[in-house]
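Residue numbers (my numbering): 10 to 312.
One structure is given below, encoded as structure tokens.
So, in structure tokens, the structure goes:
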């Protein structure tokens, strides 16, 4: 494990991807313990290689994805109505993240597209009424070209704001409106309010999705004051810094596991296979860790 990553990392913290890779083992309790160590006492993410999902049918891969890391916590339902599943399929279903006029498409499941996905963590929008602690992405099939995962450490982001823009920490630590029209539970508000940075048991927790913050401000009908607009613009510029980003191209059978309270993730755009049976397909599973009221060990201060 590279030195220092427990308290924050940048791209140069890792000499190679071997430093965050874990080989799959059939003893899932042992495997989960190793993954948990990487989440708690490492960089906040791990890439498990060589899982058997690539050789399975899609339905089998969904089931396996739910059970492989079941010792991490409770799998959370995703979707609405008949679409509800514990293993959410991340694949191109003809969805575009933008409308024909190139405006961001707030209602779209961007996981169902093959375009670029901006950096975010899922818990920022409380998808389908859930607040995940851990996200697992199982690669059932990779794309023909592209589709790399992009990761940024939220604790490093916090430190950069504190060091370079200290006046913005206060507004970023007060609630913003997040637009969740694409994942709103029936009968609930399409807006949720939460700070970007918050202290929980003396530790930093992150909720960041700049695009959904921008459209959330529009949806809430409360114009953002200058200070808060500047804070979001600064976040966007910081997240664009290439030296903060770790990129990993997931191969068939890889499983990327992320502490969703710390690490932001995104994706490069991709080109897919012409054969539908070979097209890119990931299985996303969200987990809630046990003992949520006493989860102080899930993260360090980052301060």
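Virtual Cβ for every residue (Gly too), placed ideally from N, Cα, C.
Everything numeric in this text was worked out from a predicted model, so none of it was measured.
Between which residues of its own chain and residue i is the CB-CB distance below 6 Å, once the five residues before and five after are set aside?
i, result
"residue 60", "33, 262, 264"
"residue 47", "55"
"residue 294", "74, 75, 84, 96, 145"
"residue 140", "132"
"residue 299", "82"
Alpha carbon to alpha carbon, what distance is there between residue j and residue i?
i, j, result
"residue 20", "residue 174", "21 Å"
"residue 172", "residue 182", "15 Å"
"residue 166", "residue 249", "11 Å"
"residue 134", "residue 225", "10 Å"
"residue 220", "residue 239", "14 Å"
"residue 211", "residue 85", "27 Å"
"residue 27", "residue 231", "46 Å"
"residue 209", "residue 218", "20 Å"
"residue 245", "residue 29", "26 Å"
"residue 130", "residue 163", "9 Å"
Which same chain residues, not among the five before or five after residue i, have their C-beta less than 8 Å away from its C-beta?
i, result
"residue 156", "123, 258, 259, 276, 277, 278, 279, 289"
"residue 301", "In this prediction, residue 301 scores a pLDDT of 49, lower than 50, which makes its location untrustworthy; the coordinate-derived value is nonetheless stated afterwards. Same-chain partners within the cutoff: 142."
Using a threshold of 8 Å, state whether the C-beta atoms of residue i and residue j are closer than that.
i, j, result
"residue 160", "residue 273", "yes"
"residue 126", "residue 119", "yes"
"residue 96", "residue 75", "yes"
"residue 78", "residue 292", "no"
"residue 271", "residue 205", "no"
"residue 237", "residue 180", "yes"
When the Cα of residue i is compared with those of the options, which residue comes out closest?
i, options, result
"residue 42", "54, 73, 58, 80", "80"
"residue 200", "212, 184, 228", "228"
"residue 143", "18, 256, 44, 30", "44"
"residue 369", "132, 57, 197", "The structure shown does not extend to residue 369, since the chain is modelled only from 10 to 312, so the question has no answer here."
"residue 37", "233, 68, 73", "73"
"residue 282", "93, 214, 152, 223", "152"
"residue 94", "184, 71, 100", "71"
Whose C-beta lies closer than 7 Å to the C-beta of residue i among residues of the same chain, with five residues either side of it excluded?
i, result
"residue 83", "296, 297"
"residue 14", "22, 51, 52"
"residue 194", "137, 138"
The segment 179–190 touching the segment 281–296, judged by at least three CB pairs closer than 8 Å: No, the segment 179–190 is not in contact with the segment 281–296.
Does the segment 62–72 come close enough to the segment 145–156 to have 3 or more Cβ pairs within less than 8 Å? Yes: the two stretches touch, three or more of their Cβ pairs being nearer than 8 Å.
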